[in-house]
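Just so you know, the sequence shown maps onto residues -3 to 331 in the numbering used here.
Cβ atoms here follow ideal geometry from the backbone N, Cα and C, with glycine treated the same way.
Presented below is the structure to which this report refers.
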Amino acid sequence: MRKIIFIAFVAGLLYAPFRICAQKDTPANALLLLPSANTAFDVKFQTFLDSKGARLLQSFPPTAFIGYIPKTLDAELKRKYGALVYRDKAEDMSEFFRRGESAVFAVNAWNKRFVEDPPEAPLIVSSKVQRAGKKGEGINLSWNGMMKAVSYRLQISTDEAFSSVSLNTTLKRNSYKIFPAFWKDGVYYWRVSGIMTLNNGERKESGFSAVDSFAVSKPQHPVSASKPTAPALSSNVKFRRGQLRWDASSGRYYRLQLSETKDFSAPAADVFTDTCNYKTEGLDIKSGSPYYMRVMASDGWVSSGWSSVFRVLLKAEDRISGNKRPGSKTRGAKR
């Protein structure tokens, strides 16, 4: 009789906190699977969870629980108690079948959180080219947002097999605007992949979408027209309210590149605009990291060369800085 009372008392200690902690502000982030019922009734195990900030919100006694478990505990739980922690969809059900019906109910409840696996690649919205930009002369490429994607990689090539790539850039948004002014007449192929951040913080890239295409056909360049000049980047470059701004040149359109290296061998951003500014919020760039910037102009027919290179530091507080001494009032410096 005493043994029964003791077990009931310990069970109360173990399971009552789960009901108390089942609050909206306590996010469940893990499925906990114990090796046996003895582990659940181990007072040291209960104390360990409580002291480490773990909160079990749903119980499937005696071996399975759903709740909040700090990620730093995974290895220690396995080493000390033989417990398994699942943070993604559980694919292998064998461990749950070994522990009985209640554990199977637990894994089914947990897996319902992952209604569907993310697609293997983004899906292009339409094969029809949509005109974009305030002058209506741009081309808008768009694709479906991919589950769990934090950014996208877009590639454009003159070769359908992508043996060579004309443009390779990453974006946060699931659309991209280009202006034919910067491209030679012809057919271009494009594809996109999704970049996801895993639970461990690592980045994983999906496969590429199906290949789509667009065509560029520009009117003939007037004989009397002169080639546009590249913008002069110096202290005139500003970064305010999330926008990079530069002085207008003789062009109507601009191509902006940001790179972590001076040679621009792998630009972090390669984008187009029909104004002499660009909002950076949609770019997959790091706030507070230094970048090199250059701009090209086009009059709608031909393009200028690249501007001089300018070193920029994009900060959250909407400030741009170059190579300047502490206390200097200069907003930037040519590099």
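What's the call for residue i, buried or exposed, on a 16-neighbour Cβ count within 10 Å?
| i | result |
| --- | --- |
| V308 | buried |
| P218 | exposed |
| G190 | buried |
| T166 | buried |
| N34 | exposed |
| D295 | buried |
| S90 | exposed |
| L119 | exposed |
| Q216 | exposed |
| A265 | buried |
| P227 | buried |
| V291 | buried |
| D270 | buried |
| M143 | exposed |
| S245 | buried |
| L339 | This structure does not reach residue 339, given that the chain is present from -3 up to 331, and the question cannot be answered. |
For residue i, which of helix, strand or coil comes out of DSSP?
| i | result |
| --- | --- |
| N107 | helix |
| D46 | helix |
| P23 | coil |
| A136 | The sequence shown places Asn at residue 136, rather than the Ala named in the question. If DSSP states are grouped into helix, strand and coil, N136 belongs with the strands. |
| R251 | strand |
| P66 | coil |
| G284 | coil |
| A211 | strand |
| K234 | strand |
| K180 | coil |
| L73 | helix |
| F41 | helix |
Among residues of its own chain, excluding the 5 on either side of residue i, which ones have a beta-carbon nearer than 6 Å to its beta-carbon?
| i | result |
| --- | --- |
| Y185 | S153, E156, V207, S209 |
| G63 | A24, R51, L52, L53 |
| Q19 | Residue placement at Q19 is flagged as unreliable, the pLDDT there being 46, under the threshold of 50; the coordinate-derived value follows with that caveat. Nothing listed; no residue qualifies. |
| A60 | L29, A99, A102 |
| R187 | Q151, F204, S205, V207 |
| F175 | G134, Y249, F268 |
| V183 | S209, A211 |
If you follow the alpha helix (DSSP H) that residue i is in, where does it begin and where does it stop?
| i | result |
| --- | --- |
| F93 | 90 to 94 |
| T335 | Since the displayed the chain opens at -3 and closes at 331, residue 335 lies outside it and no answer follows. |
Terminal residues of the continuous beta strand (DSSP E) containing residue i?
| i | result |
| --- | --- |
| K275 | 273 to 275 |
| A226 | From DSSP, A226 is part of no beta strand (DSSP E); its letter is neither H nor E. |
| N164 | 163 to 167 |
| A265 | 265 to 269 |
| S55 | 51 to 56 |
Using a Cβ-Cβ cutoff of less than 8 Å, which residues in the same chain neighbour residue i once the five nearest sequence positions on both sides are dropped?
| i | result |
| --- | --- |
| K168 | V146, S147, Y148, E277, G278, L279, D280 |
| S171 | N136, L137, S138, W139 |
Which residues does DSSP pair with residue i in a beta bridge?
| i | result |
| --- | --- |
| Y172 | L137 |
| F260 | In DSSP, F260 forms no bridge with anything. |
| W186 | I152, D208 |
CB-CB under 7 Å to residue i, same chain, minus the five flanking residues each way: which ones, in chain order?
| i | result |
| --- | --- |
| L73 | A79, V81 |
| V121 | S138, W139, N140 |
| G247 | P224, A293, S294, D295, S300 |
State yes or no: is the beta carbon of residue i nearer than 8 Å to at least one beta carbon in chain B?
| i | result |
| --- | --- |
| Y250 | This model lacks chain B altogether; it includes just one protein chain. |
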